[in-house]
Structures are given as C-alpha cells and as structure tokens.
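Here the protein sequences come in this chain order: A and B. Numbering-wise (my numbering), the first sequence opens with residue 1 and increments by one. Numbering-wise (my numbering), the second sequence opens with residue 114 and increments by one.
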Amino acid sequence: MIYYITSIALILIGMYAVLVKKNLIKMIIGLSLVDGGLHLLFIAIGYVDNKTAPIFSKESLTAADMVDPIPQALVLTAIVIGLAVTAVALAIIIRLYDHHKTLNVNKIRELKW
Amino acid sequence: MELNFSPVHFIAVPLFAAFLLPLLGRVSQKLVTLVPGVVLLYLSVVAITLFPQAYDTPIVEIIAGWRPPFGITLVFGPLAAFLVTMITLIGFVVWLYSYRFIIREPLEKYYMLFMLLIAGSTGIILTGDIFNLFVFLEITAIAAYSLTAFLRDHNGAEAAFKYLLIGSFASAFVLLAIVILYANVGTLNMADIALRMGDVPDKIKLTIMILFIVGLGIEAELFPLNGWAPDAYSQAPSPIGAVFAGIVVKAAVYALMRVLFTLFDLPTSSHFLVVMGTITLLVAEMSAMRQQQIKRMLAFSSIGQMGLVLVAFGLGTKEGIAAALFLMFSHAVIKTMLFFSAGYLVFFSGHKNISDLEGMGREKPWTGFFFSLGALAIIGLPPFSGFWAKFYLLVSAANASHIFLIALILFSAIIEAVYYLRVVGRLYFKKFNDIEIRKTPFTGLLAMGILAIVTLVIGVYPDFIHELVLPAANELLDKAAYLQYAMIGQ
C-alpha cells in the first residue's frame, strides 16, 4: 500500500512542478518525478509479498516464488526512454539559455501558445 | 525468384541505418545523403511486394520465437500494409526534397533522426503489443522533438520545448493507461487484452480509455491537446513539417484508432469522436483563417483535416472508416506537397508572412503552381484526390443520416477555400516586390511533381485507393478476425 501512495504522491508532485514552476530545469525535474512515480507504480503492481527477484539464482526456486518479471522488464525500458527524453530536454534548455540568457518561461515566450 | 521480405525490415532497416549514419559521415558526406534514400526506396519495394500478400492473408511475424501472447508480434494486415506503404512512399519523397534542402547543419544528424522517425512510426503501425506501441511512440516523439529544434536560427528550441513538455505528459498518460491495463488483464498483447477486456469493470475501462485518448490524442492533434502543433510545424525545417503532417500524425491517429476499436467496444466512443472531431475541425479552421504566417496556416489546416478524419472514424460504419483512410492518404499527399512548396516560397522570399509572398507565383512559376494545385486539391475540387476524400466522407455521413455533419463538412470546405485562395491570390495577382531569387533545386521540383501526379491520378481513378481502403476498414471493424490471426498459435 505504501508503494501505491508514494508513487501517486510522486506523480502529483511532478505534475505540480511542471504546471506551476517557472524555471525550465524545475519543470524537467517535475517530468522526471512523474516518470519515477509511474515506474514505482508499475513495479508495485507486479510485486508479490515475500517473493524474491525473478532470477533462477538457486536450484530450489520455482516461478511461484518470484514476483512478476514483466513490469520490471518494462520499467527498465521506460527508464531508458525517460533518460532519453530528459537528455533531449536538457539539450533544448541549453540552447534556449544561449538564446535568451534566462531560464524563466515567462520571459522567453516569443511564440504564441 | 524467392525474396525473403518480412515486416521486420520496416523497423530493423531504418533503425540500423540510423545508427550507421554517424559512422558513414566520417567516410563521406555523399553516402550520408544517399543511404536514407536507398533505405526508403528499399522499404517502399518491400511494402509493395508484401502488399498483395497482406490483403490475402495477414502476415503475423513472431519476434524471437516467443509465441503470442508472450512475445511481441508484428501484425501486417491490410490496414498496416496500407499505412506503412503510405509512410514509406511519403518518406521517400521527403528524402528527395531534403536532398538539396538542408545546407548548414550537420547532415548525418538530420538523416539519423529522420530514419529513427520512420522506424518509430512504422513500428507504431506494425506492432501487436501495447507496450511496444508505447516504445515506438516515444522513439517517434524523441526524434520529432530533436528535429523541431534542428535549425539553430529559428525559434526551434522554444517550439521543441513546448512540444517536449506536452509530449512527455502524453507519454506519461499512455504509460499510466498501460500500467492500469496490465494490472487488470495481466497481458500486453493487444489481441489478448481485447479477449480479456470483458472481465474488466466498466469504471476502470473508462479510466483507461480516457487516459489513452488524452495521451494519444496529443500526438494525434485532437483539440484541445494540439497547442504544440502550429509552433512545431512552423519552426521545424520544411521537410520535417511535411513529415509531421504526413507521417507522425497518421501513425498517432492509427494508434488511437487501434486502441479504441480493438481494445474497447466502439459504440461508447463513437459519438465522442464525432463531437471532438467537429470541435477540432471548427477551431482549427477558424484559427487557420487568422494566421499571418503561411506555415502556421498550413499547420492549422492540417489539424482541421485530422478533425475530419476523426469525424469519419467516429461514424463507425465501414464506409466511414474507409473514407477516413482515404482522407488520411489524400491529406498525407497533398499536405506534404503544400509544405514542400511553402518551404520554397518562404526560403526564396526570406519571409514567413503570407503578405510578403506577393507575386512569388510569377517569379517561381513551378513552386507557385504546385502550391496552387495543393490548395485546390485540399479544398476538395475535382479532379484531385481531395475531392473524392470529401465525397466519400459526405456519402458515409449521409448514409449514417448525420445531416448536420454534411453541412459542417461543406462549411469547413468554404473556410478552407477562403484562406487558401487568399494565399494563391497573393501569389499571382499582386505585384512582385524585388528580391533576389535563386534556382529551385531539381530534386525538390521532382518531389513535388510526384505528389502532384499522385493526387491527380487518384483524383481520376479514385477506385484504386478506395478498393484498397475497404479491406483495411474492415480489419479495424472486424475485431474477431483480427483476434484470430493476431493470436496465431493459440
């Protein structure tokens, strides 16, 4: 239960940061928080109490002793995607900063929404 | 001769080319320009070779020997065949156009991202796995963000940031939808999910559906989630604007429809689609009228056309979906041509504003001609493909006895006529204000010429495409058949 509450809290904090903060870097941190929350939620869904990691590390382990491996595999993929998005975002922010010499969103809006 | 083509090539070849290009760049810049063209030509050949087979019996490719529902499958049915062929052909034409267009920035970066984008969007269409769909959506999106920011001298970075922020939210929604879906059905294969969907409580189903509509709707330019589109279209390099309109949006619309039609039962969503499509259409057309910049106008017009596509899908009849696919094809061809010619007009005159393009049509007769042709085609005048797209849409709306829709579609055509012909008028009937004019590259003219011929030929023989879209529409409607062949080996 604690995992669900934490992950949803993370998602909400992240959304708050993206929507309210004016600093570009903080907005990106917010995005990463949303991602992190989602990943945690996904892992929490696949978690089974008192079960071990889905690796055949001992002879005696059977599939019934393990947690669901699929969410873990998917989350690994999702983490990589999140990393790529964050990297692109930061690269774009560098370019924006070079151009405008500020990180405040309100000051760099030249295009209309 | 036995040719061993397989749908995997559509994803693997451009992906491989994308990672090969930076290496090739060290050998020769000429190779960097040529390889994407060869790849896209090859993909077009594969698509056309596999085409009859897909219409006969859909090809289901099982990746790495894991049978569905455990492994990832690629499903190459009529719908996928139609859209993938469209994407590879448009991609090839875009390459022709880019051949001489990109000048200052590093070539290998541009083509690498372009190849990734092709791999991502064909992947979206081919995959039979919902998480795989998410991955391809992200590949496409990341390539699209970077391409939007490609030109340093434009406002690209700002448009790209906006796009990235909205796009990341979209992907968060899609991922959340997948998480909830997985928690309830315990599988990721789309056909398998569809089979187990009956056990899911209605409220959870609705939640998942809303999350999917919001997440995929952002990429599919559904109102009010399309705030990123006009900026991204106008700030990206011109060929990329064409790619957004011709490829990315089409793949996203496909994803939305696949999820809505296959995972969820249609009747609950169809009214919703008609209403959202109508609002998207009206708002976009009204906004297009007010635009001063030619590319922003094209972007809004593109959103409006996507609204029409959604309305057509929302009708939910076979005819309606066929009309939607026809419209998607026709729009991909015409809007690509419009973006190409608008790109040259902006490039030669050095101004983005419509008012600064006065007399360009006299100075650049071919470019102006292609733009005017595209404008007439998209309004829906015969003998262009745009006419038949709207005609089929009107017929299906009439058969579904949605009289107000007919009025709406015709009304939107009038608005389109106003703002397109305003530009065309300026191109020809105003005096040219003196600026230096360079020569239009031959490949650019060739690219536009091919598209012009396609829209004309389809305008004269619409049955050719119409016969192709009917089985494709059937695939989307006939859920049982899709489940049967996508779950091969069950």
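Ideal Cβ positions, reconstructed from N, Cα and C, are used throughout, including at glycine. Since this is a predicted model, take the numbers as computed values, not measurements.
Burial state of residue i (16 or more Cβ within 10 Å)
i	result
residue 463 of chain B	exposed
residue 35 of chain A	buried
residue 594 of chain B	exposed
residue 275 of chain B	buried
residue 572 of chain B	buried
residue 409 of chain B	buried
residue 350 of chain B	buried
residue 403 of chain B	exposed
residue 471 of chain B	buried
residue 305 of chain B	buried
residue 127 of chain B	buried
residue 448 of chain B	buried
residue 371 of chain B	buried
residue 107 of chain A	exposed
residue 473 of chain B	buried
residue 638 of chain B	Absent from the structure is residue 638 of chain B, since the part of chain B shown begins at 114 and ends at 603.
residue 452 of chain B	buried
residue 575 of chain B	buried
residue 177 of chain B	exposed
residue 332 of chain B	buried
residue 480 of chain B	buried
Residue span of the alpha helix (DSSP H) that contains residue i, given as start and end
i	result
residue 187 of chain B	From DSSP, residue 187 of chain B is part of no alpha helix (DSSP H) but of the beta strand (DSSP E) over 186-189.
residue 485 of chain B	478-492
residue 580 of chain B	575-590
residue 512 of chain B	498-512
residue 538 of chain B	516-542
residue 366 of chain B	362-371
Residues bridged to residue i (per DSSP)
i	result
residue 50 of chain A	In DSSP, residue 50 of chain A forms no bridge with anything.
residue 104 of chain A	A:23
residue 302 of chain B	B:242
residue 466 of chain B	B:406
residue 15 of chain A	DSSP, once it has assigned bridges, lists no residue as partnering residue 15 of chain A.
residue 66 of chain A	A:52
Range of the contiguous beta strand (DSSP E) that encloses residue i
i	result
residue 174 of chain B	172-175
Check whether residue i and residue j have beta carbons under 9 Å apart
i	j	result
residue 512 of chain B	residue 580 of chain B	no
residue 41 of chain A	residue 8 of chain A	yes
residue 535 of chain B	residue 467 of chain B	yes
residue 386 of chain B	residue 394 of chain B	no
residue 219 of chain B	residue 269 of chain B	no
residue 522 of chain B	residue 506 of chain B	yes
residue 302 of chain B	residue 198 of chain B	no
residue 6 of chain A	residue 37 of chain A	yes
residue 257 of chain B	residue 230 of chain B	yes
residue 428 of chain B	residue 509 of chain B	yes
residue 417 of chain B	residue 436 of chain B	no
residue 556 of chain B	residue 264 of chain B	no
residue 88 of chain A	residue 527 of chain B	no
residue 520 of chain B	residue 195 of chain B	no
residue 97 of chain A	residue 24 of chain A	yes
residue 423 of chain B	residue 390 of chain B	yes
residue 443 of chain B	residue 499 of chain B	yes
residue 441 of chain B	residue 363 of chain B	yes
Margin query: What ranges does the alpha helix (DSSP H) occupy inside the region 191-231 of chain B, keeping only unbroken runs of at least 4 residues that lie completely in it?
Written below: 191-211
Note to self: I'd like the ranges of any alpha helix (DSSP H) spanning at least 4 consecutive residues and lying wholly in the region 119-182 of chain B.
What the structure shows: 121-140 and 142-169
Check: What alpha helix (DSSP H) runs, 4 residues minimum, are completely inside the region 280-355 of chain B?
Finding: 303-309, 315-332 and 342-348
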